[in-house]
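Everything on this sheet refers to the single structure shown next.
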Amino acid sequence: MSCPICLRPIGVVEVGLPRFGRVDKYSFVSVIRVYDEYAEGLAGLEDYSHAFVLWYFHETRGVRLRLRPWGREDFPEVGIFATRFTQRPNPLALTIVKIVEVDPPRLRVMGLDAWSGSPVLDIKPYDHLDVVNEFRTPDWFEEFFKSLGGLPEWLGPSRR
Numbered sequence: 053m054s055c056p057i058c059l060r061p062i063g064v065v066e067v068g069l070p071r072f073g074r075v076d077k078y079s080f081v082s083v084i085r086v087y088d089e090y091a092e093g094l095a096g097l098e099d100y101s102h103a104f105v106l107w108y109f110h111e112t113r114g115v116r117l118r119l120r121p122w123g124r125e126d127f128p129e130v131g132i133f134a135t136r137f138t139q140r141p142n143p144l145a146l147t148i149v150k151i152v153e154v155d156p157p158r159l160r161v162m163g164l165d166a167w168s169g170s171p172v173l174d175i176k177p178y179d180h181l182d183v184v185n186e187f188r189t190p191d192w193f194e195e196f197f198k199s200l201g202g203l204p205e206w207l208g209p210s211r212r
């Protein structure tokens, strides 16, 4: 069977979150190594404070269409498309990161929740077209992040 949509990575997460132990992903500096053939595509990215990183959950196994977020019995069972979990039909991840440094072919960022070795499919600047001032999230989602002490200020407005 041929692949109807074929994507090639533009780079790899060279330094990602540690697999064991707990670190604050919002202050941890990850390094993305953009492949040489795409490195000149980083030009101008230094003028932005944040970017989207589209990457591949390369170590996920299987697909789950329904789950309880974080395996918590006190949270409702929801569909995979109502979560950001890895076991998806197409295991793609999209993360907004804070740009620390653009030093081609490397990009240093904070907030990336990928492991070392994760393939990077695309990088796009975050700009005013991506800001949503009013949004809705489920109560269980808000409860979870409050239990962690909240989100960093740079992630934007809280739910209204």
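The opening position of the sequence shown corresponds to residue 53 in our numbering, with each subsequent residue numbered one higher.
Ideal Cβ placement from N, Cα and C applies to all residues, glycine included.
A check of alpha carbon separations from residue 66 across 166, 196, 186 identifies 166 as the nearest.
Leaving aside the five residues that flank residue 106 on each side, the residues in its chain whose CB is nearer than 6 Å to its CB run, in chain order, 146, 173, 174. Under DSSP, residue 157 forms no beta bridge with any residue. Between the region 67-81 and the region 155-169, the count of Cβ pairs shorter than 8 Å is three or higher; the stretches touch. The beta carbons of residue 100 and residue 171 sit about 22 Å from each other, so the pair does not count as a contact at 8 Å.
Beta-bridge partners of residue 167 (DSSP): 69. Setting aside the 5 residues that flank it on each side, residue 180 has no residue in the same chain whose C-beta is closer than 8 Å to its C-beta.
By the Cβ rule, the region 196-204 does not count as touching the region 128-136, because fewer than three pairs are nearer than 8 Å. Contact between the region 107-125 and the region 90-97 is not established, with fewer than three Cβ pairs separated by less than 8 Å.
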